[in-house]
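Visitor: Counting from 5, one number per residue, gives the positions in the sequence shown under this note's numbering.
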Amino acid sequence: MDIKKAEFTISSAKLSQCPKDDKAELAFIGRSNVGKSSLINMLTEHKGLAKTSATPGKTLLINHFKINDSWYIVDLPGYGFAKRSKKVQDELTKMITSYILYREQLLNVFLLIDIRHDPQKIDIEFMEWLGENGVPFSIVFTKADKLTAGKAKANVNKYLNSLLSTWEELPPHFVTSAEKRIGRDELLDYIEKIL
5 MDIKKAEFTI
15 SSAKLSQCPK
25 DDKAELAFIG
35 RSNVGKSSLI
45 NMLTEHKGLA
55 KTSATPGKTL
65 LINHFKINDS
75 WYIVDLPGYG
85 FAKRSKKVQD
95 ELTKMITSYI
105 LYREQLLNVF
115 LLIDIRHDPQ
125 KIDIEFMEWL
135 GENGVPFSIV
145 FTKADKLTAG
155 KAKANVNKYL
165 NSLLSTWEEL
175 PPHFVTSAEK
185 RIGRDELLDY
195 IEKIL
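1) Is there contact between the region 73 to 80 and the region 27 to 45, where contact requires at least three CB pairs shorter than 8 Å?
2) Would you kindly report the start and end of the unbroken beta strand (DSSP E) that includes GLY34?
3) Is the CB-CB distance between VAL144 and PHE178 below 8 Å?
4) Can you say whether GLU29 is buried or exposed, counting buried as having 16 or more other CB atoms within 10 angstroms of its CB?
5) For SER166, which of ILE128, ILE198, LYS155, THR152 has the nearest alpha-carbon?
6) Would you check if there are 3 or more beta carbon pairs closer than 8 Å linking the region 100 to 111 to the region 42 to 57?
7) DSSP beta-bridge partners for ASP113?
8) Apply the 10 Å Cβ neighbour rule to SER41 and answer buried if 16 or more other Cβ atoms are within range, or exposed otherwise.
9) Can you tell me which residues form a DSSP beta bridge with THR146?
10) With DSSP run on the structure shown, which of helix, strand or coil describes GLU11?
11) Looking only at C-alpha atoms, which of ASP122, LEU110, ALA153 sits nearest to LYS184?
12) The beta strand (DSSP E) with LYS70 in it runs from where to where?
13) What are the boundary residues of the alpha helix (DSSP H) that includes VAL160?
14) Could you name the residues of the same chain whose beta carbon sits closer than 8 Å to that of ILE119, not counting the 5 residues immediately before and after it, in chain order?
15) CA-CA distance, ASP193 and GLN124?
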């Protein structure tokens, strides 16, 4: 798939504010600071499309980016909120939950995981929640350039093995680096299949 055009469309604080058209949507989510904005910018080859920040938990709204005038990449707030009040955390959780469960245009959730870390309880629980609710999702391991190829592979396997204890079938997974443009073609090919 070629992304020839990518533009920011709207930021929404709740589901009812999301675009009213019926274009397909693919959502990207992960813990704070997992490299979501960088990945979106790498996929679209548009450096400043999604705002990257050194401060974790910058995205507080549902951000829609229209791609090739025909579908959307949706940037969801990170979970495991960095330094947020309980009230803000609850509001974000409610917003993310209602979007994922009730947005009819949503075809797939891409769950981003920092490849450098051991399996985190919060990520595993989020996957289980997606599975229980029948939400199609894929795992995108980010920041692969920060490890040797062998260590990256070992960490991915550790993750997948931890999932096999509860999952009969593993979701599709991708290894990426926004910095080195690793995994871009594989991810775009997969997106093309979904669409």
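Where is the CB? At the ideal position from N, CA and C, for every residue including glycine.
Guide: Let's see:
1) yes
2) As a position in the sequence shown, residue 34 is number 30, starting the count at 1. Unbroken beta strand (DSSP E) run through GLY34: 28 to 34.
3) Here residue 144 refers to the residue found at position 140 when the sequence shown is read from its first residue. Here residue 178 refers to the residue found at position 174 when the sequence shown is read from its first residue. Yes, the Cβ-Cβ distance between VAL144 and PHE178 is below 8 Å.
4) Here residue 29 is taken as the residue at index 25 of the sequence shown, counted from 1. Classification for GLU29: buried.
5) Here residue 166 refers to the residue found at position 162 of the sequence shown. When each option's Cα is compared against that of SER166, the closest is ILE128.
6) no
7) Against the sequence shown, residue 113 aligns to sequence position 109. The displayed chain sequence assigns Val, not Asp, to residue 113. DSSP, once it has assigned bridges, lists ALA31, PHE141 as partnering VAL113.
8) By one-based count along the sequence shown, residue 41 stands at place 37. Its Cβ being crowded by 16 or more others within 10 Å, SER41 is buried.
9) Working through the sequence shown from its first residue, we reach residue 146 at position 142. In DSSP, THR146 forms a bridge with ASP118.
10) Within the sequence shown, the letter at position 7 stands for residue 11. Three-state result, GLU11: strand.
11) Reading the sequence shown from its first residue, position 180 is the one you call residue 184. When only C-alpha atoms are compared, the closest one is ALA153.
12) Position 66 of the sequence shown, counting from 1, holds the residue named residue 70. Here the beta strand (DSSP E) through LYS70 covers 66 to 71.
13) For the purposes of this step, residue 160 is identified with residue 156 of the sequence shown, where counting begins at 1. Its alpha helix (DSSP H) spans residues 153 to 168.
14) One-based indexing of the sequence shown puts residue 119 at position 115. PHE145, THR146, LYS147, ALA148, LYS150, LEU151, ALA156, ASN159, VAL160, VAL179.
15) The count along the sequence shown starts at 1 and reaches residue 193 at position 189. The count along the sequence shown starts at 1 and reaches residue 124 at position 120. Between ASP193 and GLN124, the C-alpha separation is close to 28 Å.
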